[in-house]
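Asks: Numbering (this note's numbering), first residue to last: 28 to 121. Right, I'll just put the structure down here and ask away after.
Below you can see the structure in the form of structure tokens.
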């Protein structure tokens, strides 16, 4: 019924960082095609995918984001900088 939507994601030396937080319904071409209003919350955690395709999923408090600012690996693990929102930034305004 909907696809996960990734506007921005992180890349480190060994991983791709994918916050699964939005799904998108495809707009109808029969009506006015618009993307706003077709996004819905869909928290499924933060997925780390290594370059062999192995996936690790980490749960955290649900959040929305528009852009991943930075991601990198250090001695403690993977760090990603993201501006987090408590509500969907891709919803229609008033």
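Even for Gly, the Cβ is constructed at its ideal location relative to N, Cα and C. All figures in this text were calculated on a predicted structure; none of them were measured in a lab.
(1) By how many angstroms is the C-alpha of residue 92 removed from the C-alpha of residue 123?
(2) Which whole runs of the beta strand (DSSP E) in the stretch 37-92 are 3 residues long or more, in chain order?
(3) Whole angstroms are fine: how far does the CA of residue 30 sit from the CA of residue 44?
(4) Residue 65 to residue 95, Cα distance in whole Å?
(5) I'd like the list of long-range same chain contacts for residue 108, defined as Cβ closer than 8 angstroms, with 5 residues on each side in sequence excluded.
(6) Hey, how far is the Cα of residue 42 from the Cα of residue 117?
(7) May I have the straight-line CA-CA distance separating residue 90 from residue 70, to the nearest angstrom?
(8) Would you tell me roughly how many angstroms separate the C-alpha atoms of residue 33 and residue 100, rounded to the nearest one?
(9) Taking the Cβ atom as the reference point for each residue, do residue 72 and residue 87 lie within a distance shorter than 8 angstroms?
Replies: Answer, in terms of the structure:
(1) Absent from the structure is residue 123, since the part of the chain shown begins at 28 and ends at 121.
(2) When DSSP assignments are scanned along the stretch 37-92, the uninterrupted stretches of beta strand (DSSP E) that are 3 or more residues long and fall wholly within it turn out to be 42-46, 49-51, 66-68, 73-77 and 82-85.
(3) If I take the Cα positions, the gap works out to 18 angstroms.
(4) Straight through space, the alpha carbons of residue 95 and residue 65 are spaced by roughly 21 angstroms.
(5) Answer for residue 108: 95, 96, 97 and 98, listed in chain order.
(6) Using only the alpha carbons, I get a separation of about 26 angstroms.
(7) Computed Cα separation, rounded: 8 angstroms.
(8) Taking the Cα positions, residue 33 is about 21 angstroms away from residue 100.
(9) Contact flag set, yes.
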